[in-house]
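Each residue of the sequence shown is one higher than the last, beginning at 75 in our numbering.
Written below as structure tokens is the structure these notes are about.
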Amino acid sequence: MKIIMLGAPGAGKGTQAKKIADNYGIPHISTGDIFRANIKNGTELGRKAKEYMDQGLLVPDELVVDLVVDRVQKDDCAKGYVLDGFPRTIPQAEALDAALTTLGTAVDYAIDVDVPDENIVRRMSGRRACVSCGATYHIEHIPPVQEGICDRCGSTLILRDDDKPETVTRRLEVYHAQTQPLIDYYSGKGILRAVDGTKDMEAVFHEITSILGA
Numbered sequence: 075m076k077i078i079m080l081g082a083p084g085a086g087k088g089t090q091a092k093k094i095a096d097n098y099g100i101p102h103i104s105t106g107d108i109f110r111a112n113i114k115n116g117t118e119l120g121r122k123a124k125e126y127m128d129q130g131l132l133v134p135d136e137l138v139v140d141l142v143v144d145r146v147q148k149d150d151c152a153k154g155y156v157l158d159g160f161p162r163t164i165p166q167a168e169a170l171d172a173a174l175t176t177l178g179t180a181v182d183y184a185i186d187v188d189v190p191d192e193n194i195v196r197r198m199s200g201r202r203a204c205v206s207c208g209a210t211y212h213i214e215h216i217p218p219v220q221e222g223i224c225d226r227c228g229s230t231l232i233l234r235d236d237d238k239p240e241t242v243t244r245r246l247e248v249y250h251a252q253t254q255p256l257i258d259y260y261s262g263k264g265i266l267r268a269v270d271g272t273k274d275m276e277a278v279f280h281e282i283t284s285i286l287g288a
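Structure follows, in structure tokens:
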């Protein structure tokens, strides 16, 4: 069962990817994890990626695809995997498909966790983080006992720059320009499945498992 997770920043696709991985006993794979593992292990691909990252440059698509394809050939991916955060663009998707085809395999499902922009802005701008211990809250869904104060250590809670409405809006603009075309791409291949990401986490997961099978 080879799955790609799609969805805007803050849609909850990472949370669902972890739940899918745990439920089906397959690895949850993110490009960040792949980069860190290869750099830590000093692989040739890791050294190449580090050269770009040390210069503050984006790792080229060709190298990212090589890293992903290398990862999905590991023994723990024999039953499948969940790709989270990759591909992000049509060229990456096409390169991934081509590489998988040479291995005699293909992606089974692309799952789009669909959430309207206004919901995401409200969801992310409601987040609060502790300046000391890093605990996270949400003013609507997981509020602290005392407003603005961390339950765990008593320090101040802040709205991080990444979660400010103007920052979230800019990230969504980038997503719609670069990543949303993937929805049309995978729809054209007949493997796209959309789920309603505005529901609570367990309801979304139930919808996903209904698609994938128990």
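Where is the CB? At the ideal position from N, CA and C, for every residue including glycine.
Given the structure is predicted, the values throughout are model-derived calculations rather than measurements.
Less than 8 angstroms divides the Cβ of residue 197 from the Cβ of residue 84.
Bridge partners of residue 76 according to DSSP: 155. Non-local beta-carbon contacts of residue 147 in its own chain, meaning distances under 6 angstroms to residues more than five positions away in sequence, are absent.
DSSP places residue 267 in the uninterrupted beta strand (DSSP E) bounded by 266 to 270. With 16 or more other Cβ atoms inside 10 Å of its own Cβ, residue 94 counts as buried.
Between residue 233 and residue 218, the C-beta spacing is not below 8 angstroms. Of the other Cβ atoms in all chains shown, 16 or more fall within 10 Å of the Cβ of residue 161; this residue is therefore buried. When DSSP reads this structure, residue 201 sits in a beta bridge with 212. In this structure residue 195 does not touch residue 272 by the C-beta definition: roughly 13 angstroms separates them, more than the 8 angstroms allowed. A contact is defined here as three or more CB-CB pairs under 8 angstroms, and the region 131 to 147 meets this definition with respect to the region 167 to 174. Judged by DSSP in its simplified three-state form, residue 100 adopts coil rather than helix or strand. Judged by DSSP in its simplified three-state form, residue 231 adopts strand. In the DSSP assignment, residue 187 falls within the unbroken beta strand (DSSP E) covering 183 to 188.
Within the region 97 to 153, the runs of alpha helix (DSSP H) that reach at least 4 residues and sit entirely inside it are, in chain order, 105 to 115, 118 to 128, 135 to 146. Sixteen is the threshold: since fewer than 16 other Cβ atoms of the shown chains lie within 10 Å of the Cβ of residue 220, the residue is exposed.
Counting every other CB atom within 10 Å of its CB across the protein chains shown gives residue 206 a total below 16, marking it as exposed.
Taking residue 263 as reference, the option from 182, 192, 152 with the minimal CA-CA separation is 182. Straight across, the Cα-Cα distance linking residue 75 with residue 228 is about 44 angstroms. For the pair residue 243 and residue 177, the Cα-to-Cα distance works out to about 39 angstroms. DSSP lists 230 as the beta-bridge partner residues of residue 223. In summary, residue 252 is exposed, with fewer than 16 beta-carbon neighbours lying within 10 Å of its beta-carbon over all protein chains present.
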